[in-house]
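Q: Residue numbers (the working numbering): 5 to 316.
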């Protein structure tokens, strides 16, 4: 594949990591119960229409925002940048690209920029949030899977190459990718891209989109994955267990997928690797079954609907 390993050393602004996800949900209490009791997130704040949650390790006010809505969907994905000057540089950069970039006020966040990427995914860039206490040493607060921090999100895209080009220009580096052969030529089917030094902050795979495929939280160890399954059974969420436990070939992570009450997919995982030094991206043939699961586990046939579409 051409240009997969190109590194942009001086991007127009400094994105540091995946930050947060904003979901529209129909039943706020049902969604809060799922994410607090099964996933193990901490409720930072709530009002009649919104719940803000964070992982046990997280210092920032929120990594997941649930907003009451008649129509479920992913409203926005959030990226953290290094400073508020980077927020302003991002605004100026997108303006030169002809994008509609707007500085907005968002509860619990500092200066925030709203813009959409090249395939229509609604983005939110901010540099600061109101700080809250890290709870990871308050072991009596651990629930369910004991989710520690938001790590990444994966999106479906009808044109993966267009998304790849957009994020590569912003300094995202590719750790792994999937290719397929069409008419005798290799086509980019999926790409795993990062800014924070592990395999991925954002992933794009081929499919109808833009659509959020899943977002993912780290958990402490394998025992917490088993505990999540036990808690799911005890709380009546067993039908929401979609896939796993399994072992991804791409990234090497041990994983499990659940669906929340509105069908949003969340991954709980651990054990992936560092990706800091410049190195060639690892390519996978789409036909290789080990890219998705080293153990060869099939998807659970559960009758669960597709995740809600992006609100874009």
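A virtual CB, placed ideally from N, CA and C, is assigned to each residue, including glycine.
Please list, in chain order, all residues of the same chain as residue 74 whose beta carbon is under 8 angstroms from its beta carbon, the five residues on each side excluded.
A: To locate residue 74, count along the chain shown from 1; it is residue 70. Closer than 8 angstroms at Cβ, skipping near neighbours: 30.
Q: Given this structure, state the Cα-to-Cα distance separating residue 39 from residue 64, to the nearest angstrom.
A: Counting from one through the chain shown, the residue named residue 39 turns up at place 35. Counting from one through the chain shown, the residue named residue 64 turns up at place 60. Approximately 17 angstroms, taken between the alpha carbons.
Q: Could you give the C-beta distance for residue 8 and residue 261, rounded to a whole number, given that I count them as a contact under 8 angstroms?
A: By one-based count along the chain shown, residue 8 stands at place 4. By one-based count along the chain shown, residue 261 stands at place 257. The Cβ separation is near 27 angstroms, so there is no contact.
Q: Quick check: residue 116 and residue 128, are their CB atoms within less than 8 angstroms of each other?
A: One-based indexing of the chain shown puts residue 116 at position 112. One-based indexing of the chain shown puts residue 128 at position 124. Yes, they are a contact pair.
Q: In this structure, does DSSP put residue 11 in helix, strand or coil?
A: In the chain shown, the residue the question calls residue 11 occupies position 7. Three-state result, residue 11: coil.
Q: In three-state DSSP terms, what is residue 232?
A: Indexing the chain shown from 1 puts residue 232 at position 228. DSSP places residue 232 in helix when its eight states are reduced to three.
Q: Does the Cβ of residue 278 have 16 or more other Cβ atoms within 10 Å, making it buried, or fewer, making it exposed?
A: The residue given as residue 278 occupies position 274 in the chain shown. It counts as exposed.
Q: With DSSP collapsed to three states, give me the class of residue 274.
A: Counting from one through the chain shown, the residue named residue 274 turns up at place 270. Correct three-state label for residue 274: strand.
Q: Near residue 47, what residues of its chain come up, given a Cβ to Cβ distance below 8 angstroms and the 5 sequence neighbours on each side ignored?
A: For the purposes of this step, residue 47 is identified with residue 43 of the chain shown, where counting begins at 1. So the qualifying residues of the chain are 36, 40, 55, 56, 57.
Q: Quick check on DSSP: helix, strand or coil for residue 145?
A: For the purposes of this step, residue 145 is identified with residue 141 of the chain shown, where counting begins at 1. The answer is helix: DSSP assigns residue 145 an H, G or I state.
Q: Ignore the nearest five residues each way along the sequence and tell me which others in residue 153's own chain have a CB closer than 6 angstroms to its CB.
A: Counting from 1 along the chain shown, the entry for residue 153 is found at position 149. The answer, listed in chain order, is 59, 61, 62, 222.
Q: Compute the distance between the beta-carbons of residue 24 and residue 91, then report whether it is under 8 angstroms.
A: By one-based count along the chain shown, residue 24 stands at place 20. By one-based count along the chain shown, residue 91 stands at place 87. No, these two residues do not count as a Cβ contact at 8 angstroms.
Q: Buried or exposed for residue 213, please, with buried defined as at least 16 other CB atoms from any protein chain shown within 10 angstroms of its CB.
A: What you label residue 213 is simply residue 209 of the chain shown in a count that begins at 1. Flag for residue 213 reads buried.
Q: When the Cα of residue 49 is compared with those of 66, 137, 34, 281, which residue comes out closest?
A: On the chain shown, position 45 is the one that residue 49 refers to. With distances taken between Cα atoms, residue 49 lies closest to 66.
Q: So, do the stretch 182 to 197 and the stretch 281 to 292 have three or more beta carbon pairs nearer to each other than 8 angstroms?
A: At 8 angstroms Cβ cutoff, the stretches touch.
Q: According to DSSP, simplified to helix, strand and coil, what is residue 39?
A: Translated into positions along the chain shown, residue 39 becomes position 35. Of the three classes helix, strand and coil, the one that applies to residue 39 here is helix, per DSSP.
Q: Residues in its own chain within less than 8 angstroms of residue 103 by CB, not counting five upstream and five downstream?
A: Within the chain shown, the letter at position 99 stands for residue 103. Around residue 103: 119, 120.
Q: Going by Cα to Cα distance, which pick from 42, 242, 209 is closest to residue 151?
A: Working through the chain shown from its first residue, we reach residue 151 at position 147. When each option's Cα is compared against that of residue 151, the closest is 42.
Q: Give the range of the alpha helix (DSSP H) segment to which residue 19 is assigned.
A: Numbered from 1 along the chain shown, position 15 holds the residue referred to as residue 19. That residue, residue 19, is in no alpha helix (DSSP H); its beta strand (DSSP E) goes 19 to 29.
Q: How is residue 32 classed by DSSP in three states: helix, strand or coil?
A: One-based indexing of the chain shown puts residue 32 at position 28. Looking at residue 32 - three-state DSSP - the assignment turns out to be helix.
Q: I think residue 139 touches residue 145, with their Cβ atoms under 8 angstroms apart; what is that distance to the nearest whole Å?
A: Taking the first residue of the chain shown as 1, we reach residue 139 at position 135. Taking the first residue of the chain shown as 1, we reach residue 145 at position 141. Sure, about 5 angstroms apart at Cβ, within 8 angstroms.
Q: Counting only runs of 3+ residues fully inside the stretch 173 to 226, write out the beta strand (DSSP E) ranges in chain order.
A: 177 to 186, 189 to 198, 206 to 210, 215 to 222, all fully within the stretch 173 to 226.
Q: Alpha carbon to alpha carbon, how far is residue 282 from residue 297? Give it in angstroms, no decimals.
A: Numbered from 1 along the chain shown, position 293 holds the residue referred to as residue 297. Numbered from 1 along the chain shown, position 278 holds the residue referred to as residue 282. Answer to the nearest angstrom: the Cα atoms are 26 angstroms apart.
Q: Is there contact here, the stretch 246 to 255 with the stretch 10 to 20, by at least three beta-carbon pairs under 8 angstroms?
A: These segments do not touch.
Q: Taking residue 2 as the reference, which of 123, 95, 136 has the closest Cα?
A: Only positions 5 to 316 of the chain appear in the structure, and residue 2 is not among them; the question remains open.
Q: Quick one, are the C-beta atoms of residue 353 and residue 157 less than 8 angstroms apart?
A: Residue 353 lies beyond the residue range present for the chain, which begins at 5 and ends at 316; the question has no answer from this structure.
Q: Once DSSP output is grouped into helix, strand and coil, what is the label at residue 88?
A: For the purposes of this step, residue 88 is identified with residue 84 of the chain shown, where counting begins at 1. Helix, per DSSP.
Q: Would residue 193 and residue 254 be called neighbours here (beta carbons separated by less than 8 angstroms)?
A: Translated into positions along the chain shown, residue 193 becomes position 189. Translated into positions along the chain shown, residue 254 becomes position 250. No, the pair does not count as a contact, with Cβ atoms beyond the cut-off.
Q: Tell me, to the nearest whole angstrom, how far the beta carbon of residue 19 is from that of residue 295; I am working on the premise that it is less than 8 angstroms.
A: Working through the chain shown from its first residue, we reach residue 19 at position 15. Working through the chain shown from its first residue, we reach residue 295 at position 291. About 26 angstroms; that fails the 8 angstroms criterion.
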